[in-house]
Amino acid sequence: MNLQYIISNHRTFFIFLATIVLMEIAHGVELIALFPLYLNDQMHEGADAIGVTLSSYLIADILARTPAGWAADRWARKPVLLIGVALSALPILLMPRVESQSLFLFLNIVNGIGAGCIWPAIYAGIADVYGRERYGLVLGIVNMVMLGGIAIGPIAGGFLLGHVNYETAFVICFVIVMIAFVLVVAFVREARTHQAVAHSELQSFRTVLGQLDATLTRLLVIGLLLTFALGMMLPLISLFGKQVMNLTPDQFALILIPPSIITAALIIPAGQWADRHGRQLPLILGLILVAIPFAGAPLSINPLIVTAGATVAGIGYALLVPAWNALVMEYVPANARGLFLGAIATAQGIGLAVGPFVGGELWERVHVYAPFEIAALFLFGATIIAVMNARMTK
3 MNLQYIISNH RTFFIFLATI VLMEIAHGVE LIALFPLYLN DQMHEGADAI
53 GVTLSSYLIA DILARTPAGW AADRWARKPV LLIGVALSAL PILLMPRVES
103 QSLFLFLNIV NGIGAGCIWP AIYAGIADVY GRERYGLVLG IVNMVMLGGI
153 AIGPIAGGFL LGHVNYETAF VICFVIVMIA FVLVVAFVRE ARTHQAVAHS
203 ELQSFRTVLG QLDATLTRLL VIGLLLTFAL GMMLPLISLF GKQVMNLTPD
253 QFALILIPPS IITAALIIPA GQWADRHGRQ LPLILGLILV AIPFAGAPLS
303 INPLIVTAGA TVAGIGYALL VPAWNALVME YVPANARGLF LGAIATAQGI
353 GLAVGPFVGG ELWERVHVYA PFEIAALFLF GATIIAVMNA RMTK
(Lines of atoms letter the chains of each structure in order from A and count residues from 1; the text may use other names and numbers.)
(Lines give C-alpha, C1' and ligand atoms only; values in the text may rest on other atoms or scores of the structure.)
Protein backbone atom coordinates (compact mmCIF):
# COMPACT_ATOMS: atom_id res chain seq x y z
CA MET A 1 0.00 0.00 0.00
CA ASN A 2 1.53 3.33 -1.08
CA LEU A 3 0.54 6.97 -1.18
CA GLN A 4 -0.38 6.84 -4.89
CA TYR A 5 -2.89 4.03 -4.26
CA ILE A 6 -4.57 5.98 -1.46
CA ILE A 7 -4.82 9.08 -3.65
CA SER A 8 -6.36 7.08 -6.49
CA ASN A 9 -8.85 4.93 -4.61
CA HIS A 10 -10.12 6.47 -1.40
CA ARG A 11 -12.47 9.41 -1.80
CA THR A 12 -13.88 9.18 1.73
CA PHE A 13 -10.39 9.46 3.20
CA PHE A 14 -9.81 12.73 1.37
CA ILE A 15 -13.18 14.06 2.46
CA PHE A 16 -12.07 13.31 6.03
CA LEU A 17 -8.87 15.26 5.36
CA ALA A 18 -10.80 18.18 3.89
CA THR A 19 -13.10 18.15 6.92
CA ILE A 20 -10.11 18.23 9.27
CA VAL A 21 -8.55 21.19 7.45
CA LEU A 22 -11.79 23.17 7.27
CA MET A 23 -12.71 22.58 10.92
CA GLU A 24 -9.20 23.32 12.22
CA ILE A 25 -9.12 26.56 10.21
CA ALA A 26 -12.56 27.60 11.46
CA HIS A 27 -11.82 26.79 15.09
CA GLY A 28 -8.38 28.42 14.84
CA VAL A 29 -9.89 31.64 13.50
CA GLU A 30 -12.59 31.60 16.18
CA LEU A 31 -10.58 30.74 19.28
CA ILE A 32 -7.28 32.51 18.61
CA ALA A 33 -8.42 35.64 16.79
CA LEU A 34 -12.17 36.24 16.50
CA PHE A 35 -13.64 35.36 19.91
CA PRO A 36 -11.06 37.13 22.12
CA LEU A 37 -11.19 40.35 20.09
CA TYR A 38 -14.98 40.28 19.73
CA LEU A 39 -15.51 39.73 23.45
CA ASN A 40 -13.14 42.56 24.28
CA ASP A 41 -14.18 45.11 21.66
CA GLN A 42 -17.91 44.46 21.24
CA MET A 43 -18.98 42.91 24.55
CA HIS A 44 -16.42 44.84 26.66
CA GLU A 45 -15.27 41.75 28.55
CA GLY A 46 -11.89 41.47 30.24
CA ALA A 47 -9.17 38.86 29.98
CA ASP A 48 -10.72 36.76 32.75
CA ALA A 49 -14.05 36.38 30.93
CA ILE A 50 -12.23 35.66 27.68
CA GLY A 51 -10.18 32.97 29.41
CA VAL A 52 -13.30 31.37 30.90
CA THR A 53 -15.02 31.38 27.51
CA LEU A 54 -12.10 29.73 25.75
CA SER A 55 -11.55 27.24 28.57
CA SER A 56 -15.21 26.25 28.42
CA TYR A 57 -14.75 25.29 24.78
CA LEU A 58 -11.75 23.10 25.59
CA ILE A 59 -13.46 21.40 28.54
CA ALA A 60 -16.59 20.70 26.48
CA ASP A 61 -14.43 19.32 23.67
CA ILE A 62 -12.57 16.99 26.04
CA LEU A 63 -15.68 15.74 27.86
CA ALA A 64 -17.58 15.10 24.62
CA ARG A 65 -14.97 12.83 23.03
CA THR A 66 -15.64 9.61 24.92
CA PRO A 67 -19.46 9.64 24.64
CA ALA A 68 -19.11 10.72 21.00
CA GLY A 69 -16.89 7.73 20.32
CA TRP A 70 -19.38 5.43 22.04
CA ALA A 71 -22.19 6.92 19.93
CA ALA A 72 -20.14 6.40 16.76
CA ASP A 73 -19.89 2.69 17.63
CA ARG A 74 -23.62 2.29 18.26
CA TRP A 75 -25.05 4.49 15.51
CA ALA A 76 -22.32 4.87 12.82
CA ARG A 77 -19.47 7.26 12.15
CA LYS A 78 -21.15 9.59 9.65
CA PRO A 79 -24.14 10.68 11.81
CA VAL A 80 -21.87 11.53 14.75
CA LEU A 81 -19.52 13.45 12.46
CA LEU A 82 -22.44 15.39 10.99
CA ILE A 83 -23.79 16.15 14.47
CA GLY A 84 -20.36 17.46 15.47
CA VAL A 85 -20.04 19.71 12.43
CA ALA A 86 -23.62 20.98 12.85
CA LEU A 87 -23.05 21.78 16.54
CA SER A 88 -19.95 23.74 15.50
CA ALA A 89 -21.89 25.67 12.85
CA LEU A 90 -25.06 26.78 14.61
CA PRO A 91 -23.42 28.75 17.47
CA ILE A 92 -21.41 30.81 14.98
CA LEU A 93 -24.63 32.16 13.48
CA LEU A 94 -26.06 33.08 16.88
CA MET A 95 -22.99 34.49 18.65
CA PRO A 96 -22.95 37.95 17.00
CA ARG A 97 -26.64 38.32 17.84
CA VAL A 98 -26.41 37.77 21.60
CA GLU A 99 -25.65 40.50 24.13
CA SER A 100 -25.09 38.35 27.22
CA GLN A 101 -21.62 36.97 27.93
CA SER A 102 -23.27 34.02 29.66
CA LEU A 103 -25.21 33.15 26.53
CA PHE A 104 -22.06 33.55 24.43
CA LEU A 105 -20.35 31.17 26.87
CA PHE A 106 -23.16 28.63 26.47
CA LEU A 107 -22.94 28.80 22.68
CA ASN A 108 -19.19 28.25 22.84
CA ILE A 109 -19.76 25.17 25.03
CA VAL A 110 -22.06 23.83 22.29
CA ASN A 111 -19.29 24.64 19.81
CA GLY A 112 -16.84 22.64 21.94
CA ILE A 113 -19.21 19.66 22.13
CA GLY A 114 -19.35 19.72 18.34
CA ALA A 115 -15.56 19.70 18.10
CA GLY A 116 -15.44 16.77 20.53
CA CYS A 117 -17.70 14.70 18.26
CA ILE A 118 -15.56 15.16 15.16
CA TRP A 119 -12.26 13.48 16.00
CA PRO A 120 -13.48 10.11 17.35
CA ALA A 121 -15.78 9.70 14.34
CA ILE A 122 -13.02 10.51 11.84
CA TYR A 123 -10.37 8.32 13.46
CA ALA A 124 -12.77 5.40 13.82
CA GLY A 125 -13.89 5.85 10.22
CA ILE A 126 -10.29 5.74 9.00
CA ALA A 127 -9.60 2.63 11.08
CA ASP A 128 -12.63 0.94 9.49
CA VAL A 129 -11.25 1.47 5.98
CA TYR A 130 -7.55 0.67 6.39
CA GLY A 131 -5.88 -2.41 7.79
CA ARG A 132 -3.09 -2.34 10.37
CA GLU A 133 -0.38 -2.48 7.69
CA ARG A 134 -1.50 0.98 6.46
CA TYR A 135 -2.10 2.81 9.74
CA GLY A 136 1.29 4.54 9.87
CA LEU A 137 0.95 6.08 6.41
CA VAL A 138 -2.67 7.21 6.67
CA LEU A 139 -2.25 8.58 10.19
CA GLY A 140 0.92 10.36 9.12
CA ILE A 141 -1.13 12.06 6.40
CA VAL A 142 -3.89 12.90 8.89
CA ASN A 143 -1.44 14.45 11.35
CA MET A 144 0.31 16.48 8.66
CA VAL A 145 -3.03 17.83 7.43
CA MET A 146 -4.15 18.56 11.00
CA LEU A 147 -0.95 20.49 11.74
CA GLY A 148 -1.44 22.45 8.53
CA GLY A 149 -4.98 23.38 9.54
CA ILE A 150 -3.88 24.37 13.03
CA ALA A 151 -1.13 26.59 11.59
CA ILE A 152 -3.38 28.22 8.99
CA GLY A 153 -6.24 29.05 11.39
CA PRO A 154 -4.63 31.79 13.53
CA ILE A 155 -2.84 33.29 10.50
CA ALA A 156 -6.08 33.39 8.53
CA GLY A 157 -7.86 34.88 11.53
CA GLY A 158 -5.41 37.75 11.83
CA PHE A 159 -5.63 38.46 8.10
CA LEU A 160 -9.42 38.19 8.09
CA LEU A 161 -9.99 40.59 10.98
CA GLY A 162 -7.67 43.07 9.32
CA HIS A 163 -9.95 43.30 6.31
CA VAL A 164 -13.56 42.63 7.41
CA ASN A 165 -15.80 43.49 10.36
CA TYR A 166 -16.72 41.05 13.11
CA GLU A 167 -20.12 40.07 11.72
CA THR A 168 -18.61 39.22 8.33
CA ALA A 169 -15.91 37.18 10.05
CA PHE A 170 -18.57 35.13 11.85
CA VAL A 171 -20.35 34.54 8.53
CA ILE A 172 -17.12 33.41 6.86
CA CYS A 173 -16.45 30.94 9.69
CA PHE A 174 -20.00 29.63 9.33
CA VAL A 175 -19.52 29.16 5.58
CA ILE A 176 -16.26 27.25 6.15
CA VAL A 177 -17.97 24.87 8.58
CA MET A 178 -20.97 24.41 6.29
CA ILE A 179 -18.68 23.48 3.39
CA ALA A 180 -17.37 20.68 5.61
CA PHE A 181 -20.95 19.65 6.43
CA VAL A 182 -21.93 19.48 2.75
CA LEU A 183 -18.82 17.47 1.85
CA VAL A 184 -19.56 14.91 4.56
CA VAL A 185 -23.24 14.62 3.57
CA ALA A 186 -22.45 14.23 -0.12
CA PHE A 187 -19.35 12.08 -0.21
CA VAL A 188 -18.67 10.15 3.02
CA ARG A 189 -19.74 6.51 2.87
CA GLU A 190 -19.81 4.14 5.83
CA ALA A 191 -17.24 1.38 5.49
CA ARG A 192 -19.40 -1.15 7.31
CA THR A 193 -22.66 -1.60 9.22
CA HIS A 194 -22.25 -0.84 12.91
CA GLN A 195 -23.90 -3.17 15.39
CA ALA A 196 -24.62 -2.38 19.03
CA VAL A 197 -22.07 -3.96 21.31
CA ALA A 198 -24.69 -5.12 23.78
CA HIS A 199 -28.37 -4.87 24.56
CA SER A 200 -28.04 -1.98 26.95
CA GLU A 201 -25.76 0.94 27.56
CA LEU A 202 -24.44 -0.53 30.82
CA GLN A 203 -23.61 -3.89 29.22
CA SER A 204 -21.90 -2.12 26.34
CA PHE A 205 -19.54 -0.26 28.65
CA ARG A 206 -18.81 -3.44 30.64
CA THR A 207 -18.00 -5.31 27.46
CA VAL A 208 -15.67 -2.59 26.26
CA LEU A 209 -13.86 -2.19 29.57
CA GLY A 210 -13.25 -5.93 29.60
CA GLN A 211 -11.32 -5.55 26.34
CA LEU A 212 -8.84 -3.02 27.74
CA ASP A 213 -5.55 -4.92 27.73
CA ALA A 214 -2.17 -4.05 29.24
CA THR A 215 -0.60 -3.01 25.94
CA LEU A 216 -3.29 -0.46 25.19
CA THR A 217 -3.05 0.84 28.76
CA ARG A 218 0.70 1.39 28.36
CA LEU A 219 0.14 3.18 25.06
CA LEU A 220 -2.48 5.37 26.71
CA VAL A 221 -0.03 6.33 29.48
CA ILE A 222 2.62 7.16 26.86
CA GLY A 223 0.15 9.40 25.04
CA LEU A 224 -0.89 11.14 28.25
CA LEU A 225 2.73 11.81 29.27
CA LEU A 226 3.55 13.11 25.79
CA THR A 227 0.61 15.49 25.57
CA PHE A 228 1.16 16.70 29.13
CA ALA A 229 4.83 17.45 28.37
CA LEU A 230 4.03 19.25 25.12
CA GLY A 231 1.09 21.04 26.75
CA MET A 232 3.43 22.47 29.37
CA MET A 233 5.35 24.24 26.62
CA LEU A 234 2.40 25.73 24.70
CA PRO A 235 2.13 29.05 26.57
CA LEU A 236 5.87 29.33 27.13
CA ILE A 237 7.48 29.11 23.69
CA SER A 238 6.82 32.76 22.82
CA LEU A 239 7.81 33.88 26.33
CA PHE A 240 11.08 31.97 26.00
CA GLY A 241 11.89 33.80 22.78
CA LYS A 242 11.04 37.20 24.24
CA GLN A 243 12.24 37.02 27.85
CA VAL A 244 15.10 34.52 27.69
CA MET A 245 16.48 34.90 24.15
CA ASN A 246 15.58 38.63 23.93
CA LEU A 247 14.23 38.25 20.40
CA THR A 248 11.38 40.05 18.69
CA PRO A 249 8.39 37.93 17.62
CA ASP A 250 9.51 38.15 13.98
CA GLN A 251 13.04 37.00 14.84
CA PHE A 252 11.76 34.12 16.95
CA ALA A 253 9.36 33.09 14.19
CA LEU A 254 12.35 32.66 11.87
CA ILE A 255 13.82 30.18 14.36
CA LEU A 256 10.64 28.10 14.27
CA ILE A 257 10.26 27.98 10.48
CA PRO A 258 12.98 25.35 9.68
CA PRO A 259 11.83 22.79 12.30
CA SER A 260 8.20 23.30 11.25
CA ILE A 261 8.99 22.63 7.59
CA ILE A 262 11.14 19.60 8.38
CA THR A 263 8.50 18.11 10.71
CA ALA A 264 5.77 18.51 8.10
CA ALA A 265 7.98 17.03 5.38
CA LEU A 266 8.97 13.96 7.44
CA ILE A 267 5.69 12.93 9.04
CA ILE A 268 4.33 11.00 6.02
CA PRO A 269 7.62 9.19 5.20
CA ALA A 270 7.93 8.38 8.91
CA GLY A 271 4.48 6.80 8.84
CA GLN A 272 5.44 4.70 5.80
CA TRP A 273 8.64 3.61 7.52
CA ALA A 274 6.68 2.58 10.61
CA ASP A 275 4.35 0.48 8.44
CA ARG A 276 7.23 -1.32 6.75
CA HIS A 277 9.69 -1.80 9.60
CA GLY A 278 7.59 -1.76 12.78
CA ARG A 279 6.11 0.89 15.07
CA GLN A 280 8.03 0.29 18.31
CA LEU A 281 11.44 1.60 17.18
CA PRO A 282 10.24 4.93 15.72
CA LEU A 283 8.11 5.48 18.83
CA ILE A 284 11.11 5.00 21.12
CA LEU A 285 13.50 7.03 18.96
CA GLY A 286 10.94 9.80 18.58
CA LEU A 287 10.39 10.15 22.32
CA ILE A 288 14.15 10.30 22.92
CA LEU A 289 14.66 12.93 20.20
CA VAL A 290 11.91 15.13 21.64
CA ALA A 291 13.19 14.75 25.21
CA ILE A 292 16.85 15.59 24.53
CA PRO A 293 16.35 19.23 23.40
CA PHE A 294 14.06 19.89 26.37
CA ALA A 295 16.64 18.47 28.76
CA GLY A 296 19.39 20.52 27.08
CA ALA A 297 17.45 23.79 26.97
CA PRO A 298 19.47 25.44 29.80
CA LEU A 299 22.75 24.86 27.96
CA SER A 300 22.48 27.59 25.32
CA ILE A 301 20.29 30.38 23.98
CA ASN A 302 22.29 30.77 20.77
CA PRO A 303 19.68 31.06 18.00
CA LEU A 304 21.40 28.50 15.77
CA ILE A 305 21.61 25.97 18.59
CA VAL A 306 17.99 26.59 19.57
CA THR A 307 16.96 26.09 15.93
CA ALA A 308 18.94 22.85 15.81
CA GLY A 309 17.33 21.65 19.03
CA ALA A 310 13.85 22.49 17.80
CA THR A 311 14.61 20.64 14.56
CA VAL A 312 15.70 17.54 16.48
CA ALA A 313 12.48 17.69 18.50
CA GLY A 314 10.50 18.11 15.28
CA ILE A 315 12.12 15.03 13.77
CA GLY A 316 11.27 13.11 16.92
CA TYR A 317 7.67 14.28 16.77
CA ALA A 318 7.41 13.21 13.12
CA LEU A 319 8.71 9.75 14.04
CA LEU A 320 6.65 9.08 17.13
CA VAL A 321 3.18 10.43 16.29
CA PRO A 322 2.34 8.13 13.33
CA ALA A 323 3.93 5.18 15.15
CA TRP A 324 1.99 5.79 18.37
CA ASN A 325 -1.29 6.34 16.54
CA ALA A 326 -0.77 3.19 14.46
CA LEU A 327 -0.03 1.10 17.56
CA VAL A 328 -3.17 2.41 19.26
CA MET A 329 -5.26 1.59 16.19
CA GLU A 330 -3.74 -1.89 16.11
CA TYR A 331 -4.76 -2.73 19.67
CA VAL A 332 -8.13 -0.97 19.85
CA PRO A 333 -10.97 -3.56 19.68
CA ALA A 334 -12.70 -3.39 16.30
CA ASN A 335 -16.17 -3.49 17.88
CA ALA A 336 -15.49 -0.46 20.07
CA ARG A 337 -13.11 1.72 18.06
CA GLY A 338 -15.12 4.89 18.50
CA LEU A 339 -15.39 4.59 22.27
CA PHE A 340 -11.73 3.68 22.79
CA LEU A 341 -10.45 6.37 20.44
CA GLY A 342 -12.76 8.90 22.10
CA ALA A 343 -11.43 7.92 25.53
CA ILE A 344 -7.84 8.20 24.31
CA ALA A 345 -8.57 11.61 22.80
CA THR A 346 -10.08 12.65 26.14
CA ALA A 347 -6.92 11.61 27.98
CA GLN A 348 -4.78 13.54 25.52
CA GLY A 349 -7.05 16.55 25.89
CA ILE A 350 -6.64 16.44 29.67
CA GLY A 351 -2.87 16.48 29.20
CA LEU A 352 -3.08 19.47 26.87
CA ALA A 353 -5.48 21.25 29.23
CA VAL A 354 -3.54 20.70 32.47
CA GLY A 355 -0.06 21.01 30.97
CA PRO A 356 -0.17 24.77 30.23
CA PHE A 357 -1.27 25.54 33.80
CA VAL A 358 1.54 23.44 35.30
CA GLY A 359 4.08 24.87 32.88
CA GLY A 360 3.08 28.43 33.72
CA GLU A 361 3.26 27.79 37.45
CA LEU A 362 6.74 26.23 37.13
CA TRP A 363 7.91 29.16 35.02
CA GLU A 364 6.67 31.78 37.49
CA ARG A 365 7.34 30.04 40.81
CA VAL A 366 10.41 27.86 40.23
CA HIS A 367 12.57 28.83 37.25
CA VAL A 368 12.18 29.56 33.55
CA TYR A 369 13.89 26.27 32.69
CA ALA A 370 11.87 24.18 35.16
CA PRO A 371 9.07 23.43 32.64
CA PHE A 372 11.63 22.20 30.11
CA GLU A 373 13.28 19.92 32.66
CA ILE A 374 10.00 18.49 33.96
CA ALA A 375 8.78 17.96 30.39
CA ALA A 376 11.99 16.08 29.63
CA LEU A 377 11.44 13.86 32.69
CA PHE A 378 7.92 13.01 31.50
CA LEU A 379 9.22 12.23 28.02
CA PHE A 380 12.03 10.02 29.33
CA GLY A 381 9.44 8.28 31.50
CA ALA A 382 7.33 7.70 28.39
CA THR A 383 10.43 6.33 26.65
CA ILE A 384 11.00 3.79 29.43
CA ILE A 385 7.38 2.64 29.17
CA ALA A 386 7.75 2.38 25.37
CA VAL A 387 10.86 0.21 25.75
CA MET A 388 9.04 -2.03 28.25
CA ASN A 389 6.09 -2.26 25.90
CA ALA A 390 8.32 -3.27 22.98
CA ARG A 391 9.86 -6.08 25.03
CA MET A 392 6.52 -7.32 26.35
CA THR A 393 4.89 -7.45 22.93
CA LYS A 394 7.64 -9.33 21.08
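In short: position in the sequence shown from 1, add 2, done, that's the working numbering. All residues carry an ideal CB built from backbone N, CA and C; glycine is no exception. As the structure is a prediction and not an experimental result, all values here were calculated from the model.
Nearest C-alpha to Ile-178 among Arg-220, Thr-21, Ala-388: Thr-21. Where Gln-350 is concerned, the enclosing alpha helix (DSSP H) starts and stops at 339 to 367.
Taken in chain order, the unbroken stretches of alpha helix (DSSP H) that lie wholly in the region 31 to 88 and span 4 residues or more are 37 to 43, 49 to 76.
By the C-beta criterion, the region 300 to 315 is judged to be in contact with the region 250 to 262, since at least 3 inter-stretch pairs fall below 8 Å. Contact between Gly-127 and Gly-86 fails: their C-beta atoms lie close to 12 Å from each other, not under 8 Å.
Counted as a single uninterrupted DSSP element, the stretch harbouring Gln-245 is not any alpha helix (DSSP H), since DSSP gives it neither H nor E. Within the model, the alpha-carbon separation for Phe-380 versus Pro-98 is close to 42 Å. For Ala-129, the enclosing alpha helix (DSSP H) stretches over residues 103 to 131.
Fewer than three Cβ pairs drawn from the region 158 to 176 and the region 283 to 291 lie within less than 8 Å of each other, which leaves the two stretches out of contact. Take Ile-94, set aside five residues on each side of it, and the residues of its chain with a beta-carbon closer than 6 Å to its own are Phe-172, Cys-175, Phe-176, in chain order. DSSP places Asn-304 outside both helix and strand once states are collapsed to three, so it counts as coil.
The shortest CA-to-CA distance from Pro-271 to any of Pro-305, Met-146, Ile-52 is the one to Met-146. DSSP, reduced to helix, strand and coil, places His-12 outside both helices and strands of the structure shown, so it counts as coil.
Less than 8 Å separates the beta-carbon of Leu-222 from that of Ala-349. Per DSSP, the continuous alpha helix (DSSP H) segment holding Tyr-168 begins and ends at 168 to 189. CA-to-CA, the gap between Ile-376 and Tyr-125 works out to about 31 Å. Within the same chain, Cβ atoms closer than 6 Å to the Cβ of Gly-71 are found at Pro-122, Gly-340, Leu-341, Leu-343, Gly-344, the five residues on either side in sequence being excluded. In the structure shown, Val-100 adopts coil according to DSSP, grouped into three states. Check the Cα spacing between Ala-78 and each of Ala-338, Phe-16, Met-247: the tightest is with Ala-338. Boundaries of the alpha helix (DSSP H) around Gly-225: 216 to 235.
Under the three-state reduction of DSSP, Pro-335 is assigned to coil, being neither helix nor strand. One Cα belongs to Thr-395, the other to Ala-216, and the distance between them is close to 10 Å. Gly-353 has its alpha-carbon roughly 20 Å from the corresponding atom of Ser-240. Cα atoms of Ala-35 and Ile-264: separation of roughly 27 Å, rounded to the nearest angstrom.
Per DSSP, Gly-298 lies in no alpha helix (DSSP H) segment and is marked neither H nor E. For Arg-393, the number of other beta carbons within 10 angstroms of its own is below 16, and it is reported as exposed.
Cβ neighbours of Ala-372 within its own chain (closer than 6 Å, five residues either side excluded): Leu-364. Arg-281 sits in coil when the DSSP states are folded into three classes, being neither helix nor strand. By the criterion of a C-beta distance shorter than 7 Å, Phe-230 is surrounded in its chain by Gly-353, Val-356, Gly-357, Phe-380, once the five residues flanking it on both sides are discounted. Judged by their CB atoms, Gly-114 and Ala-158 are not nearer to each other than the 8 Å cut-off.
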